[in-house]
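Undergrad: Quick note, the sequence shown lines up with residues 38 to 288 if you use our numbering.
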Amino acid sequence: MDQWYHYLLLIVVGFAVGFINTIAGGGSLLSLPTLIFLGLPSNVANGTNRVAIVIQTAMATAGFKSKGVSTYPFNVYLGIAAFLGSIIGARIAVDVTGETFNRILAMVMLSVVLIIIFKPKMKLHEMEERLTGKYLWVSLIVFFFFGIYGGFINAGLGFLMILFMHFVNRMNLVRVNATKVVVVFIYMLAALAVFAFNDKVNWKLGFILAIGNGTGAWVSSRFSVKKGDGFIKTFLIIMVVAMAIKLWFFT
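1) If we ignore side chains and look at the alpha-carbon of each, how far apart do glycine 84 and glycine 184 end up?
2) Write down the C-beta distance between lysine 237 and asparagine 80 rounded to the nearest angstrom, noting that I regard them as a contact closer than 8 Å.
3) Comparing C-alpha positions only, which one of Leu66, Ser123 and Ala53 sits nearest to asparagine 250?
4) How far does the alpha helix (DSSP H) with threonine 98 in it extend, from its first residue to its last?
5) Distance, Cα to Cα, lysine 270 vs phenylalanine 196?
6) Serine 107 and alanine 192 look like a contact to me (Cβ under 8 Å); what is the Cβ gap, rounded to whole Å?
7) With a threshold of 8 Å, are at least 3 pairs of Cβ atoms found where one atom belongs to the segment 94-104 and the other to the segment 216-229?
8) Report the residue from Met225, Leu147 and Leu242 whose alpha carbon sits nearest the alpha carbon of alanine 279.
9) Quick one: any contact between the segment 164-171 and the segment 225-235, if contact means 3 or more CB pairs under 8 Å?
10) Output yes or no for whether 8 Å exceeds the beta carbon distance between serine 68 and alanine 89.
11) Are glycine 188 and serine 257 closer than 8 Å when you measure CB to CB?
12) Give every residue of the same chain whose Cβ lies closer than 8 Å to the Cβ of tyrosine 172, excluding the five residues on either side of it in the sequence, and list them in chain order.
13) If you compare alpha carbons, which of Gly62, Asn235 and Leu72 is closest to isoleucine 245?
14) Taking glycine 249 as part of the alpha helix (DSSP H), name the residues at either end of that continuous run.
15) Where does tyrosine 186 sit, in a helix, a strand or coil, going by DSSP?
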């Protein structure tokens with residue numbers, strides 16, 4: 038890869054990925070194929086993508102913080118649980134790939150969109166968030182397993198994290214996304230460390246991709262706070278359907 042427009046492509050794709058990941062999820066299903074197209078082996082592309090995601094989530098966290106949206110310390114608790122799981126998932130991902138996995142993920146995505154569409158509406162303004170007690174412990178266990186998947190490939194995990202926190206912890210979608218980016222930042226550090234230790238990271242391409250990811254995340258985080266839950270829900274449904282179709286028919 039020595040053409041200048043390849044780097045421009047990475048930045049443009051990165052911006053789209055950062056924007057998509059911050060509001061919904063599934064952006065890695067765009068960045069991973071791009072990195073592979075540019076000549077990286079799949080496991081190196083997987084590791085390289087983590088560099089951009091770390092920068093992306095750091096920028097998104099700063100963006101939400103600038104708008105006064107934070108769920109500390111709940112976000113840190115979930116991040117630590119996912120961090121531990123991510124170490125396991127990343128160790129598996131260093132050597133494992135597979136098309137069957139994409140088909141399974143497509144079915145998961147379709148299930149997600151059905152839940153989004155048909156789940157009875159909750160009047161969140163009339164309910165208290167459930168961030169402590171048994172709901173915290175359940176969340177920690179679930180996010181440990183989310184971390185395993187996040188360490189393995191991460192693509193599409195944002196959808197599941199959003200649904201879980203929205204319906205189980207009863208958080209509005211803006212606060213859910215603010216929590217999600219902190220959690221991903223924390224566990225992605227572990228995954229990146231594992232990939233780097235196994236020499237599965239192209240740092241140059243990772244940082245170039247991160248320029249786009251970080252910029253897209255900053256814009257998206259501030260934009261989503263302004264637009265609110267309605268915009269996020271619509272965007273989420275569109276992205277889930279698009280990713281499911283891509284995974285099922287174009288793997």
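For each residue, glycine too, the CB sits at the ideal point set by N, CA and C. Computed from a predicted structure; not experimentally measured.
TA: Looking at the coordinates:
1) 15 Å
2) Confirmed, about 5 Å.
3) Ala53
4) 79-103
5) Between lysine 270 and phenylalanine 196, the C-alpha separation is close to 11 Å.
6) Not really, about 27 Å apart at Cβ, beyond 8 Å.
7) yes
8) Leu147
9) no
10) The answer is yes: Cβ separation under 8 Å.
11) no
12) The answer, listed in chain order, is Val205 and Asn206.
13) Leu72
14) From DSSP, the alpha helix (DSSP H) with glycine 249 extends over 240-264.
15) helix
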